[in-house]
Amino acid sequence: MRDMTPGPDLSGPQTADEFQSDPYAPEVGELPEQSTQDSEKVNKTGTTTIGISTSEGVVIATDMRASLGGRFVSNKNVQKVEQIHPTAALTLVGSVGGAQSFIRTLRAEVNLYEARRGEDITMKGLSTLAGNFARGGPFFAINPILGGVDDDGHHVYSIDPAGGVMKDDYTVTGSGLTVAYGTLEDRYEEDMTNEEAKEVAAASIKAAAERDTGSGNGIYLADVTAEGVDINGYDFDELL
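Residue numbers for the sequence shown follow our numbering, so the first one is 25 and each next one is one higher.
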């Protein structure tokens, strides 16, 4: 038998009381709340990442460890720096999925820029784009380093989770930054060559790995110059 209960009266204007429901609330069911235990199951890079501007270009260094909740090592050979531009590279810091998605999105936008304009995007433009994506995109908590070379020189930027972009001669991000900064600032010199910067960066990463549970298992180095980007992995003993 049909239910003859009358529905809402749509013949006249609706009253204010009829608009009290949340227009963004799901109509059927609800999304589960994320617990602390759930967040601990997410692969995170933990990490220590370093960017140094040199007389020849830029050196970017990262460790190789991924962890679950900062307590369990889930992978010992994660490449946390990727080329995203003919003469620029970006690090992965934060949740692995969010960082990987961020890099794919940024790389796609860089390719579109080149296809539309017939020229490479500048580092200033690329850093601004990265900051906009970090602020407005669904990339979780990321804090990458962008390093690159263009006609205006050699550039290193740190990008915070809120989209802030800060340029410096050198920078460190990740869970091991407090230890790495001490070693880096002690050994850093202006106008270092890329080879000299690699040794300084490796020493800083190793110092962080000694105390930070989210960092370790080796080092990836990105050698960025006007000729391109060269990324290789090493054991600490190979560099120090």
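In this text, a Cβ means the ideal position worked out from N, Cα and C, and glycines have one as well.
The model shown is predicted, which means the values in this text are computed figures rather than measured ones.
| query | result |
| --- | --- |
| CB of residue 168 within 8 Å of CB of residue 145, strictly | no |
| Counted within 10 angstroms of its Cβ, other Cβ atoms place residue 100 as buried (16 or more) or exposed | exposed |
| Proximity to residue 223 [Cα-Cα], best of 243, 199, 264 and 204 | 264 |
| Nearest to residue 191 (by Cα), restricted to the options 152, 79 and 107 | 152 |
| Residue 107: first and last residue of the uninterrupted alpha helix (DSSP H) it sits in | No alpha helix (DSSP H) contains residue 107, which is instead part of the beta strand (DSSP E) from 105–109. |
| Run of the beta strand (DSSP E) containing residue 183, from where it starts to where it stops | 177–183 |
| Residue 200 (DSSP reduced to helix, strand or coil) | coil |
| Assigned exposure category for residue 55 - 16 Cβ within 10 Å defines buried | Low confidence applies here, because residue 55 scores a pLDDT of 38, under 50, leaving its location unreliable and the question unanswered by this model. |
| Alpha carbon of residue 158 to alpha carbon of residue 232, nearest angstrom | 26 Å |
| Residue 204 to residue 76 span [Cα, whole Å] | 13 Å |
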